[in-house]
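Sequence lines, in order, name chains B and Z.
Numbering-wise (UniProt numbering), the first sequence opens with residue 1 and increments by one.
Numbering-wise (UniProt numbering), the second sequence opens with residue 1 and increments by one.
All C-beta atoms, glycine included, are put in the ideal place defined by N, C-alpha and C.
Read through the structure below, which is laid out as structure tokens, and then see the notes.
2 protein chains.
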Amino acid sequence: MEQQTQQQIEDGGNNQAAGTNNRWAPTPPQLRILKGLYYDKGFKYPTPEQIQEICLHLKQYGQIEDKNVFFWFQNLKARERQKLKEFRNVPVGGSLDLNFGSTGSTSTDRSIDLNFGSRVGYGADGSIMEQRGEYHQEIETLPLFPMHGEDIFGNMKTTSEGGSGYGGGSRISLELSLNSYRDTDMA
Amino acid sequence: MEQQTQQQIEDGGNNQAAGTNNRWAPTPPQLRILKGLYYDKGFKYPTPEQIQEICLHLKQYGQIEDKNVFFWFQNLKARERQKLKEFRNVPVGGSLDLNFGSTGSTSTDRSIDLNFGSRVGYGADGSIMEQRGEYHQEIETLPLFPMHGEDIFGNMKTTSEGGSGYGGGSRISLELSLNSYRDTDMA
DNA sequence: TTCGTATGAATGAACG
DNA sequence: CGTTCATTCATACGAA
């Protein structure tokens, strides 16, 4: 995704250039309303329409965008969840170990679930191939798209709804497209 | 610097062994190619076969699996749509509320419009035409969610569609909620 | 200044 | 497909 998104936060007419406020921060009234919705009303899952509405109302208390409201709810939910999860394994023996609130540096014992292909029918291999000994650096003299004479179209389940009916007819154009991005600078 | 470039991507030689980091992160070349396909080529709906092909090609730029490509396209499509959804919606009353969207000042948003899905189409005047079975005109008073103070602490998921789709209801109650925090004093 | 924490923002992954 | 979850990056701010 574009990663230049979080820079200019659209001042609605009042601009201060020097990187003073790059990042939105809720004004006290905004924060009060948001918290009121979340905690008092238990309003935690606003729909996009409701996000707009909230945002619209909050605009009278300061500059704000839809995505700010969106992220605010997302973050609050996520962090509440996270805290609960970390409280669960507090040693019941004795000493309180209040290590929550840290930025994930504390090694928690959350089991990593590499559930693969659970629902997404692309049924790939699922094998985590370790990186090769040396990293394949992006070389300028990248050879043309290597002939995939192998049967790469073999183990695909094709259960995706995207099945347009054809079975690889557009391979040529895709190949060309991929090749056209060998070393263009657009990152 | 107009880009903060989420570091974490591809430590340049040795990806972490299994266990430390599970989440795939596109390397810059991979990102470049993917974005090129999506934006420049307008390639948004890869078939499973094409996903494999793309993935195979991208493997020379770092570890990657089919599902990563799959998710990448899914997420980009979803978020672009979500953005459009949040930034439209001028109140039907006719307020002079404009410049909702804003992040596009210096953004390299070269999103080439092309065949959307099969759900909504845009008229020449910018109006949105539902292409499904029926219309739904008035979006004024629709008691969507019954939250007025107390019994809301259940598990309200407020999934916008109540059957016929189209959220946008709940204006009344939300407004009330917003108004109720006009001048209360709380933390 | 440096460090730690709180939090906005981004995005990969997954659910229904 | 739209929405939600999980994890991480980035940054503002206060304490040491």
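DSSP, read as helix, strand or coil, puts residue 79(Z) in helix. Taking 4 residues as the shortest admissible run, the UniProt DNA-binding region "Homeobox" (19–84) of chain B contains the following complete alpha helix (DSSP H) segments, listed from N- to C-terminal end: 28–35, 48–58. In this structure, residue 76(B) sits near residue 38(B), with a CB-CB distance shorter than 9 Å. In the assembly as shown, residue 65(B) is a buried residue. Its beta-carbon has 16 or more other beta-carbons within 10 Å. Rounded to whole angstroms, the gap between the alpha carbons of residue 176(Z) and residue 67(B) is 22 Å. Not one beta carbon of chain B lies nearer than 9 Å to the beta carbon of residue 77(Z). Restricting attention to 62(Z), 49(Z), 83(Z), 178(Z), the CA atom closest to the CA of residue 70(Z) is found in 49(Z). Interface criterion met: the Cβ of residue 52(B) is under 9 Å from a Cβ in chain Z.
At least one CB of chain Z lies nearer than 9 Å to the CB of residue 175(B). Beta-carbon to beta-carbon, residue 34(B) and residue 26(B) are separated by about 7 Å, close enough to satisfy the 8 Å threshold. For residue 33(B), a Cβ of chain Z is located within less than 9 Å of the residue's own Cβ.
The Cβ of residue 62(B) sits no closer than 9 Å to any Cβ of chain Z. Residue contact with chain Z for residue 70(B): present (Cβ-Cβ distance below 9 Å to some residue of chain Z).
Residue contact check for residue 26(B) against chain Z: no CB pair falls below 9 Å. In the three-state reduction of the DSSP assignment, residue 173(B) falls in the helix class, which pools H, G and I. 73(B) is the residue among 80(B), 82(B), 86(B), 73(B) whose C-alpha sits nearest the C-alpha of residue 55(B). Annotation for residue 30(B): 58, 61, 62, 64 place their beta carbon closer than 7 Å to its own, counting only its chain and skipping 5 residues before and after.
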